[in-house]
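Residues in the sequence shown are numbered from 409 upward in steps of one, following the numbering used here.
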Amino acid sequence: MHELSLNEAKRVGRKMKVHQGPRIADLPQLAEHSELQRDIRVVSSVLPFKINDYVIDELIDWSRVPDDPIFRLTFPHRDMLTERDFDSVASAIDAGAPAKDVNAAVDEVRWRLNPHPSGQLEKNVPKQNGEALNGLQHKYRETVLYFPAQGQTCHSYCGYCFRWAQFVGIKELKQQSKDIETLLSYLQGAPTVTDVLVTGGDPLIMKTAKLANILDSLVEAKLPNLQSIRLGTKALSFWPYRFLTDPDADDLLRLFERTVDAGMHVALMAHFSHPRELETAAVEEAIRRVRSTGVVIRTQAPLVRHVNDDGAVWAEMWDKQVRLGCVPYYMFVERDTGSKQYFELPLVQALRVYSEAIEKCSGLARTARGPSMSASPGKVVVDGESVVAGERVLNLRFLQARNPHWVGRPFYAAYDPRATWLDGLRPAFGEKRFFFEEDAVDDWRQLERDDDLSRFVG
Ligand code: SF4
């Protein structure tokens with residue numbers, strides 16, 4: 409690892425260099441790992457990979473490759489594909505097949521990798537005058553997700569990204585909005601919305617002027633119920649120079665300041681996967697600068713094998729975050745998409761990691777909730793395991809739900825050491841279905857309509 413001193417980075421005006429796709433196999437650092445190069449070429453033909461020089465030079469410990477956690481996070485590995493999928497793409501590449509045949513093999517594999525988990529497109533994209541609003545999602549009553557077109561990439565990619573389909577150019581899977589007016593007009597007719605999450609990709613990949621168009625427009629719209637703007641980002645981890653030496657870094661901080669001064673709660677939903685990402689002088693200074701604007705940094709990441717499947721790693725990460733003034737927020741369960749089989753852990757193991765971590769931390773770090781699944785009906789946390797009426801069960805609870813009445817309600821699943829997701833669990837006590845599967849109201853919109861009707865009836 410070669411960490412550039414902050415002064416040196418500022419002096420030279422450090423610029424980001426990125427390496428993407430199969431070409432990353434040619435990086436000089438991999439010259440000594442020739443056995444990995446073919447695997448990298450094959451896997452990166454299917455799944456998106458992009459790595460910048462900060463990650464390569466300052467986060468990865470090359471003496472520990474291939475087991476270095478940041479290498480595992482950002483570089484392709486053979487086991488990210490099943491043997492069958494790997495072989496089908498590898499044989500097309502090895503045979504020197506024409507590009508259209510390689511692409512056909514690649515596309516077939518991509519569609520098998522569940523590119524849009526949890527029914528994101530069908531269930532969450534709202535409609536206006538019968539038209540689906542591409543680039544918006546409105547799953548929970550209070551929160552709208554906005555995907556600005558210019559923010560649909562990241563400074564580097566995580567191998568486990570559940571939005572990978574956004575990056576591989578399958579047109580019909582792209583969620584992006586080209587204009588802010590669509591969002592504003594939707595919000596004007598959606599008075600339940602208190603929070604807008606600007607997400608991607610990574611919205612901080614955008615130039616400050618583009619981001620300012622979004623944030624300033626939201627402020628100027630004076631929507632009476634809007635109180636928070638969240639920015640989902642891994643820039644602090646993958647490119648802290650976004651806040652330090654990028655030509656518009658200072659403008660970004662001024663933008664944060666004026667949005668906060670206008671009375672908005674601005675939260676940077678910062679994605680950190682490993683404590684190493686919090687150790688460089690650049691990230692410490694970037695966090696300090698962001699916090700000086702009044703923006704709150706809340707941290708989250710999925711729990712994944714090979715990168716952070718250890719309670720001590722999370723405890724160290726959360727304690728470091730608290731020391732730097734961030735608020736630990738979520739430990740997520742890896743979603744059912746892309747290279748899930750490479751990164752996933754059974755829920756009971758995720759619970760063990762969470763419990764080990766949380767008991768090691770100070771109370772200030774215990775704001776972290778998890779392990780939480782962003783499943784189709786809502787965010788479900790595994791609270792623990794217990795024995796109820798002689799049956800070993802997992803205790804579950806909705807932290808957020810399509811139907812707000814489900815939030816906070818405990819429910820139980822039969823203990824299953826192999827299940828990795830909500831749909832792999834069975835209800836406990838011999839019941840056929842979970843309570844939410846029996847509820848005729850499975851969406852907050854329906855609730856609103858019923859409330860409206862009851863006003864007239866009652
Ligand atoms: S930063 Fe987020 S959106 Fe970007 S690759 Fe990682 S998980 Fe995906």
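Glycine included, every Cβ here is placed at the ideal spot set by N, Cα and C.
Would you say residue i and residue j are within 8 Å of each other, going by their C-beta atoms?
i      : j      : result
Asn811 : Asp858 : no
Asp727 : Ala758 : no
His563 : Phe479 : no
Leu455 : Gln445 : no
Ala809 : Val815 : yes
Val729 : Thr707 : It should be noted that the sequence gives Gln, not Val, for residue 729. Contact: yes.
Val604 : Leu644 : no
Leu711 : Val761 : yes
Thr590 : Leu663 : no
His546 : Asn532 : yes
Gln583 : Gly640 : no
Phe555 : Thr607 : yes
Comparing alpha-carbon positions, which option in the options lies nearest residue i?
i      : options                        : result
Arg713 : Gly567, Asn542, Val420         : Gly567
Ala513 : Pro506, Lys423, Trp519, Val497 : Val497
Ser763 : Ser636, Cys734, Gly719         : Gly719
Ala657 : Ala709, Lys787, Ile695, Leu631 : Ile695
Leu553 : Ser453, Ile588, Ala723, Glu767 : Ile588
Ala709 : Glu685, Leu521, Glu839, Thr551 : Glu685
Leu631 : Leu660, Thr607, Pro599         : Pro599
Ser747 : Ala827, Leu481, Ile468         : Leu481
Gly786 : Leu804, Gly771, Ser585, Glu466 : Leu804
Gln560 : Glu550, Ala573, Tyr548, Thr551 : Ala573
Pro436 : Lys840, Ile464, Arg422         : Ile464
Phe842 : Met781, Asp515, Ala822, Leu592 : Ala822
Ala693 : His682, Cys734, Val756         : This sequence places Glu at residue 693; Ala is not what is there. If we check each option's Cα against that of Glu693, Cys734 comes out closest.
Val517 : His524, Asp493, Ile501         : Asp493
Ser780 : Ala433, Pro825, Trp829, Ile705 : Trp829
Tell me where the beta strand (DSSP E) around residue i begins and ends.
i      : result
Arg777 : 777-782
Gln545 : 544-548
Ala809 : 799-809
Gly792 : 786-796
Ile637 : 636-641
Thr551 : 551-554
Val703 : Premise fails: Val703 is in no beta strand (DSSP E) and is neither H nor E.
Any heavy atom of the ligand SF4 inside 7 Å of the beta-carbon of residue i?
i      : result
Lys642 : yes
Arg571 : yes
His679 : yes
Asp493 : no
Tyr554 : no
Tyr565 : yes
Cys734 : no
Cys769 : no
Asp744 : no
Gly798 : no
Asp434 : no
Gly559 : no
Asp654 : no
Gly838 : no
Gly608 : yes
Terminal residues of the continuous alpha helix (DSSP H) containing residue i?
i      : result
Ile501 : 491-502
Phe887 : No information on residue 887 is available, as it lies outside the stretch 409 to 866 that the chain covers here.
Pro477 : 477-482
Phe843 : 843-846
Asn460 : Where Asn460 is concerned, there is no enclosing alpha helix (DSSP H), although the beta strand (DSSP E) it sits in stretches over 458-460.
Tyr762 : 755-768
Leu455 : Taken as a continuous stretch (DSSP letters only), Leu455 belongs to no alpha helix (DSSP H), as it is neither H nor E.
Compare the C-beta of residue i against all C-beta atoms of chain B and say whether one is closer than 8 Å.
i      : result
Trp470 : Looking for chain B here will not work: only one protein chain is present.
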